[in-house]
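Reviewing the structure listed below.
In this note's numbering, the protein residues as written are 4 to 271.
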């Protein structure tokens, strides 16, 4: 999308400057590039018949609540999510903890830490790990029980500094997850890296991407209101089967929420 926009700008410049004969060909290339991107960014799949045991996870970068935390909470409640995995969810302060507990009284909470918060409806949650990787990514790891299903959830927030490579942090993160291969693992959050990046090459053997498995609709999640990149993602190991994945829409953050439905295959 960035390349298409640059080509269109060049075409406009040529047109304004000297009515160049190159204007139409350059503009055509830009339009074709933009149309191709839109086509590739859109997925369609039939509405699945959900098993009673299927779980739904809402993943969202809430942009530090700039639009107001009450609006954020209202948006989350509008989705039938069993798991809520947030980043940039606010400061680790008692008053803010109480806000989340009051806003979701029927959810167990993993408590705030590093701006990361996980809520579980009709279940339990226990933090079993957390950390910073290369100062470039933060994560929190939880053992979760939800409606009779047990799984490990890892909520991730990768820094957005454009001149720092995410490859090392992502490779170290997936190495942390590999020893958990004997149990269902869901890893989600804001990776600040498009899913087609080579930085995810080491992820594709032990994990699968929810959108690639079951995506429906327009894929990019950032920046709202004109998303161009799928920075917010959900991945799972072989014990997680993705059934449906879609992006929500909200003007209360610069990221779209990602809503993923999946089933858990209990290890034998």
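Every residue, glycine too, gets a C-beta built ideally from N, C-alpha and C.
CB contact flag (residue 118, residue 91, <9 angstroms): yes
In chain order, what residues of the same chain lie with their CB nearer than 7 angstroms to the CB of residue 75, ignoring the 5 residues before and after it? 65, 68, 255
Along the alpha helix (DSSP H) that carries residue 179, what are the first and last residues, could you check? That run of the alpha helix (DSSP H) goes 170-180.
Just to confirm the assignment, what range does the alpha helix (DSSP H) spanning residue 75 have? Boundaries of the alpha helix (DSSP H) around residue 75: 72-80.
Take residue 63 as the anchor and find which of 156, 103, 261 has the nearest alpha-carbon. 261
What are the boundary residues of the beta strand (DSSP E) that residue 129 is part of? 126-136
Buried or exposed: which applies to residue 138, given that a residue is buried once 16 or more other Cβ atoms fall within 10 Å of its Cβ? exposed
If you compare alpha carbons, which of 131, 103, 263 is closest to residue 238? 263
Here's a check: name, in chain order, each residue in its chain whose Cβ is nearer than 7 angstroms to the Cβ of residue 163, leaving out the five neighbours to either side. Cβ contact annotation for residue 163 (same chain, cutoff 7 angstroms, sequence separation greater than five): 195, in chain order.
Taking all protein chains shown into account, decide if residue 172 is buried (16 or more other Cβ within 10 angstroms of its Cβ) or exposed. buried
Under 9 angstroms, do residue 176 and residue 243 count as touching if we go by C-beta distance? no
Best match in 103, 223, 147 for proximity to residue 199 [C-alpha to C-alpha]: 223
Give the range of the beta strand (DSSP E) segment to which residue 265 is assigned. 261-267
By Cβ distance below 8 angstroms, which residues in the same chain neighbour residue 270 in space, the five residues on each side in sequence not counted? The answer, listed in chain order, is 185, 186, 187, 242.
Would you call the stretch 99-117 and the stretch 139-149 touching, i.e. three or more CB-CB distances under 8 angstroms? yes
Note the first and the last residue of the continuous beta strand (DSSP E) segment covering residue 152. 152-161
Beta-carbon separation of residue 218 and residue 249 under 9 angstroms? In contact: residue 218 and residue 249 (Cβ atoms closer than 9 angstroms).
Could you compute how far the alpha carbon of residue 120 sits from the alpha carbon of residue 47? 31 angstroms
Taking DSSP as the reference, what is the three-state secondary structure of residue 145? strand
When you compare the CB positions of residue 265 and residue 189, do they come within less than 9 angstroms of one another, or not? Going by C-beta atoms, residue 265 is nearer than 9 angstroms to residue 189.
Candidates 147, 51, 135, 122: closest to residue 129 by CA position: 147
To which residues of the same chain is residue 135 closer than 6 angstroms at the C-beta, ignoring the five residues directly before and after it? 141
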